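First up is the structure itself, then whatever we jot down about it.
Residue numbers (this note's numbering): 765 to 1441.
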């Protein structure tokens, strides 16, 4: 017998009467943190980000070089406006000079969630969910009650339309407060204005950092930023051409699940199964469709809508087990190594830059490309300032702040900076997995590498697997993490070559300093041997040139940046590309400067009597006669002869050891040998 029901409980009919549909607008109104509106500072950045992303996508799709203006203004509540750091209400205005928006589409684009043109297509773009800018308008509606203001114009001949709209959260439909034609100075484009509650603060994860990183990954974009303090920052474009337009592709058979296949079978317009396979999927030809039908034991002329149950499951398993070519990569438009170098050099000061673009790869049937860049050092100007600053003595075990500086990681997805949830992103995990110690960079276990280094990682894909709707971190797929690690390892190998070359240059420079310490003494000794008939200045210049040549010459100074000129015709920084060419993003030389003619070094002949005397015991470097065959072979390779000559001709300015010092050294050696025995 069931237990008695309490009188206060509800019946099934009463509970059923309470059930009702939940609008997507109502859901995100209560869960706005899922869209990136966790706190006022982050909300300000999210609103700017969504408006800028829409502007860049529209311009690139229309084939227009993007030019975007971003304005942040403090809104006063009755009195004088407070300082930006203390204000809690801001007006955001984003203007682009793109194609504009037709009048009928303006309200749903800005005041309806999950409305857009990018969700159902497989093509690389910044936006992909149809939530962003309408969610920003929803946040403005919740915090200030102000509608979104839009001005848009499609051409100089058509009028400009002005709208004020908000979201009806119960129906997820736009409510229009104002709709009229106005005069606008721009011939085409769109202007969006939002008034929100926010907090402005410079530094990491700020609007300033976001726009700076947009300029790095989009060197073809011109950005003008009006800060709340009234300052105007301009990020000029460094590339005067648009990136290649990505093309839309059909889904790949490996990227669908069983439920999706059933839906596609029901919705298709194809009459036969073989036609469905070849027309609805990429990389499936008519012959391959016949093979799949044969392997699944289904007739090719079967109606797709009639497939269900065991037959549909057999078809799905056959598709997954059939070897199919990877999807095409023309749906992706990577930044490119040259553009990455332009962006890094423009925004980040350093001594070394490199960039890598990996070949296309696939995860879950979706093609993607990983790109990595690296900037190392602080630039010649900061290095000079650091050298001039005196350093205080350190206690035992203490280190300077510069020695503890960790690398900075900047992450991108489809050219959009990712500023939050760094530790949960596959990009950051791949950076930690890379063994940077192999490339001459110090790194603690499970930590970022230490040093003045900026690591750039970009993922371009038709569908980036974000961890949440706020699009702040990339999901940790094995295929994605592997490609990121391979790109970082290639950058690390190039950095290792640069660091080893610079360390060798430092060693050569120290040798040169030692040689120059003894030149005066050698000149005086030679003058005494000649009885005062030797031209001291001439011999001194000759010895200095020899010391310069034997320690790397001008190349050593260029690597260390001691001369301040850098490689001739190039900027001070060293830029390395996949081909190993220095200066992939060069600065053009000034008018009249010849960068093609190599500088010729001519050494004056030294008289035998004026040569410095060799210390005793240095007879191993004496010249030994070589066979005639070797001489004949060397005539064909003069560079080899010169290299061998450089190795054989060595100058030693060390003082000869006294007999007591030699006996003391010999005694230590014999004592060490006895200890070993």
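For glycine and all other residues, C-beta sits at the position ideal for the given N, C-alpha and C. Here the structure is a predicted model, which is why all the values come from computation and not from measurement.
Residue i and residue j look like a contact to me (Cβ under 8 Å); what is the Cβ gap, rounded to whole Å?
| i | j | result |
| --- | --- | --- |
| residue 1254 | residue 893 | Between residue 893 and residue 1254 the Cβ distance is about 33 Å, and since that is not below 8 Å, they are no contact. |
| residue 1218 | residue 1172 | 5 Å |
| residue 1198 | residue 1238 | Not really, about 16 Å apart at Cβ, beyond 8 Å. |
| residue 1091 | residue 1047 | 6 Å |
| residue 1477 | residue 975 | Because residue 1477 is not part of the residues shown, which for the chain are 765 to 1441, the question remains open. |
| residue 746 | residue 1281 | For the chain, the structure presents residues 765 to 1441; residue 746 sits outside this window and is missing. |
| residue 793 | residue 933 | 5 Å |
| residue 956 | residue 912 | 7 Å |
| residue 1132 | residue 1225 | 4 Å |
| residue 854 | residue 960 | 6 Å |
| residue 827 | residue 953 | About 14 Å separates the two Cβ atoms, so there is no contact after all. |
| residue 1055 | residue 1126 | Contact flag wrong, Cβ pair sits at about 21 Å. |
| residue 1272 | residue 1316 | 4 Å |
| residue 1174 | residue 1140 | With 8 Å as the limit, residue 1174 and residue 1140 do not qualify as a contact, their Cβ atoms being about 14 Å apart. |
| residue 1181 | residue 977 | 4 Å |
Going by Cα to Cα distance, which pick from the options is closest to residue i?
| i | options | result |
| --- | --- | --- |
| residue 1087 | 816, 1053, 1062 | 1053 |
| residue 992 | 837, 1215, 1213 | 837 |
| residue 1064 | 1093, 1028, 1034 | 1034 |
| residue 897 | 819, 777, 805 | 819 |
| residue 1185 | 1262, 806, 1095 | 806 |
| residue 732 | 883, 1195, 1187, 1135 | Given a span of 765 to 1441 for the chain in the structure shown, any question on residue 732 remains unanswerable. |
| residue 1228 | 1259, 1176, 1214, 1271 | 1176 |
| residue 810 | 921, 970, 860 | 970 |
| residue 1142 | 1122, 1120, 1115, 1125 | 1115 |
| residue 832 | 1010, 817, 839 | 817 |
| residue 1471 | 852, 1076, 778, 1124 | Nothing can be reported for residue 1471, as the shown portion of the chain is limited to 765 through 1441. |
| residue 899 | 1272, 872, 966, 1262 | 872 |
| residue 1118 | 1311, 1259, 1068 | 1259 |
| residue 1444 | 1174, 1042, 830 | The first residue shown for the chain is 765 and the last is 1441, placing residue 1444 beyond what the model contains. |
| residue 860 | 987, 776, 783 | 987 |
| residue 1252 | 1240, 1222, 1265, 813 | 1222 |
| residue 1314 | 1200, 1275, 1006, 1066 | 1275 |
| residue 834 | 815, 1241, 825 | 815 |
| residue 1108 | 1001, 1130, 1195 | 1001 |
| residue 920 | 1230, 951, 1241 | 951 |
| residue 1042 | 1060, 1017, 1059 | 1017 |
| residue 903 | 878, 924, 1200, 931 | 931 |
| residue 966 | 1009, 850, 1303, 985 | 850 |
| residue 1266 | 1303, 1310, 780, 1320 | 1320 |
Can the beta-carbon of residue i be found closer than 8 Å to that of residue j?
| i | j | result |
| --- | --- | --- |
| residue 1037 | residue 1062 | yes |
| residue 1137 | residue 1203 | no |
| residue 1023 | residue 1128 | no |
| residue 973 | residue 1183 | yes |
| residue 926 | residue 940 | no |
| residue 882 | residue 938 | no |
| residue 1044 | residue 1032 | yes |
| residue 886 | residue 1013 | yes |
| residue 1287 | residue 1300 | yes |
| residue 1095 | residue 888 | yes |
| residue 891 | residue 821 | yes |
| residue 958 | residue 901 | yes |
| residue 1283 | residue 1318 | no |
| residue 909 | residue 808 | no |
| residue 1030 | residue 1067 | no |
| residue 841 | residue 804 | no |
| residue 824 | residue 1079 | no |
Any beta carbon of chain C sitting closer than 8 Å to that of residue i?
| i | result |
| --- | --- |
| residue 774 | The question asks about chain C, but that chain is absent: this structure has only one protein chain. |
Consider the C-beta atom of residue i and the heavy atoms of the ligand NAD; say whether any pair is separated by less than 7 Å.
| i | result |
| --- | --- |
| residue 900 | With respect to small molecules bound, the structure shown includes none, and the ligand NAD cannot be examined in it. |
Contact between the segment 946-959 and the segment 775-789 (3+ Cβ pairs under 8 Å): no
Whole runs of the alpha helix (DSSP H) within the segment 1077-1112, excluding any shorter than 4 residues: 1101-1111
Three or more C-beta pairs below 8 Å linking the segment 1234-1242 and the segment 793-802: yes
Sufficient close CB pairs (3 or more, under 8 Å) joining the segment 984-1003 to the segment 1084-1099: no
Any 3 or more C-beta pairs closer than 8 Å across the segment 974-981 and the segment 1095-1114: yes
At least three beta-carbon pairs within less than 8 Å, the segment 1242-1254 to the segment 1284-1304: no
Complete alpha helix (DSSP H) runs within the segment 804-831 (minimum length 4 residues, chain order): 804-825
Three or more C-beta pairs below 8 Å linking the segment 865-879 and the segment 835-850: no
Minimum length 4: unbroken alpha helix (DSSP H) runs contained in the segment 1004-1088: 1022-1031, 1037-1044, 1050-1060, 1074-1085
Runs of alpha helix (DSSP H) lying entirely within the segment 859-915, each at least 4 residues, in chain order: 870-875, 896-907
Runs of alpha helix (DSSP H) wholly within the segment 1243-1315 (minimum 4 residues, chain order): 1300-1314
Secondary structure, beta strand (DSSP E): runs of 3+ residues fully inside the segment 828-855: 831-838
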